[in-house]
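Numbering (my numbering), first residue to last: 6 to 336.
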Ligand code: COA
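This is how it looks when you write it as structure tokens:
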């Protein structure tokens with residue numbers, strides 16, 4: 006029975022998991038014509054984690070979810086919904102969330118994936134928050150996870166230096182206290198899909214000979230164009246979340262931007278007028294982990310003792326589609 010008068014949803018637990026294998030900039034110098042100096046200066050990335058061929062996204066999602074549930078002191082049977090922001094699950098179907106449900110034995114939950122590229126976790130948060138505040142569910146697992154290196158073109162130096170694999174998870178619960186999701190907003194613009202996409206190739210058809218040899222399902226990106234849109238959109242989305250929460254940037258303790266590129270983040274932070282020391286970055290360790298980026302950063306910041314109870318966070322993401330999302334969260 007779900008009580009009335011729920012004011013917000015609240016993050017009560019965080020967890021993350023990454024593959025063991027590291028790929029450093031020096032390793033990449035052996036794969037494509039690039040250098041540590043170029044990658045560091047243009048992106049801020051020093052190394053990233055890469056799934057091995059037989060690593061499964063489900064496995065590190067499950068580990069991240071278990072850590073979040075332990076942190077929240079919640080049992081699998083209490084979970085009503087599992088939402089996973091991802092575009093790179095182990096299977097075309099069923100969803101990644103379905104496999105996580107089975108591994109966790111969270112058999113009272115419904116489970117679904119949300120395809121919103123790098124904004125995936127904030128999209129999942131938006132929907133879980135809406136269901137909780139509407140009284141439809143009480144506890145949700147909200148994940149963002151990617152194995153983007155599976156669809157990376159390792160001959161394209163413009164993109165292969167950017168991405169890494171990871172999973173991040175949060176437990177979201179009904180709450181009527183001070184802490185919680187104070188605002189969450191999402192948006193999209195399908196007119197700009199051609200700037201960042203990965204095709205779904207019919208690679209298995211015996212009738213389409215070229216599909217056997219093409220690399221057409223790899224991620225493709227117009228980096229410069231994406232960069233400009235990312236700065237403008239993340240700024241606009243940040244201001245929207247602040248407005249919805251009736252807050253100003255001075256009320257925010259931490260900015261948690263999607264870890265796409267240090268230069269995008271610095272441009273957004275400068276326009277928002279938030280000091281650099283209040284911007285959490287871990288891109289040097291993980292690269293751009295797409296939908297996993299924000300929950301991984303939140304979990305990292307908490308474990309480093311930087312993100313503390315009572316602090317207010319502005320999270321903002323942007324990704325292919327284009328999609329975007331933003332939230333003000335009090336921990
Ligand atoms: N190593 C060395 N040189 C590289 C390189 C690499 N890995 N990748 C590209 N270059 C070269 C280009 O070929 C180009 O050379 P040229 O001048 O001889 O043609 C030069 O570097 C500059 O390329 P450009 O694309 O203008 O660089 P940039 O400053 O825009 O940086 C990105 C490229 C990809 C880092 C940048 O555009 C970016 O971060 N875009 C947004 C990406 C993103 O975040 N996507 C996900 C959104 S969620």
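By construction, the Cβ of each residue, glycine as well, lies at the ideal position given by its N, Cα and C atoms.
Would you check whether the ligand COA has a heavy atom nearer than 7 Å to the C-beta of residue 39?
yes
Compute every distance between the C-beta of residue 43 and the non-hydrogen atoms of the ligand COA, then say whether any falls below 7 Å.
yes
For residue 152, tell me which candidate among 101, 43 and 138 has the shortest Cα-Cα distance.
101
Nonlocal neighbours in the same chain, by C-beta distance under 6 Å from residue 284, ignoring five residues either side:
260 and 274
Thinking just about the alpha-carbon of each residue, which of 70, 334, 90 and 144 is nearest to the one in residue 109?
70
For the alpha helix (DSSP H) that residue 33 lies in, which residues bound it at each end?
30-34
In chain order, what are the residue ranges of uninterrupted alpha helix (DSSP H) at least 4 long that sit wholly in the region 46-118?
62-77 and 101-109
Say whether the region 310-321 touches the region 41-49, bearing in mind that this needs 3 or more beta-carbon pairs closer than 8 Å, one atom from each stretch.
no
Which same chain residues, not among the five before or five after residue 252, have their C-beta less than 7 Å away from its C-beta?
333
Where residue 6 and residue 129 are concerned, what is the direct C-alpha to C-alpha distance, given to the nearest angstrom?
Low local confidence applies: a pLDDT of 45 at residue 6 is under 50, so the model's placement there is unreliable, with the coordinate-based value given in what follows. Cα to Cα, the separation comes out at about 24 Å.
How far does the beta strand (DSSP E) with residue 295 in it extend, from its first residue to its last?
Element bounds for residue 295: n/a, residue is neither H nor E.
Can you find the residues in the same chain that come closer than 8 Å, C-beta to C-beta, to residue 234, ignoring five residues on each side of it along the sequence?
197, 200, 323 and 327
Return helix, strand or coil for residue 247, following the three-state DSSP convention.
helix
Of the residues 281, 118, 318 and 205, which one's Cα is nearest the Cα of residue 224?
205
Can you give me the C-alpha to C-alpha distance between residue 21 and residue 298, rounded to a whole angstrom?
10 Å
Of all the beta strand (DSSP E) runs that stay within the bounds of the region 161-238, which reach a length of 3 or more residues?
171-180, 185-193, 201-203 and 224-226
Quick one: what does DSSP say residue 42 is sitting in, helix, strand or coil?
helix
Is it the case that the CB of residue 263 approaches a heavy atom of the ligand COA more closely than 7 Å?
yes
So, helix, strand or coil for residue 153, using DSSP?
helix
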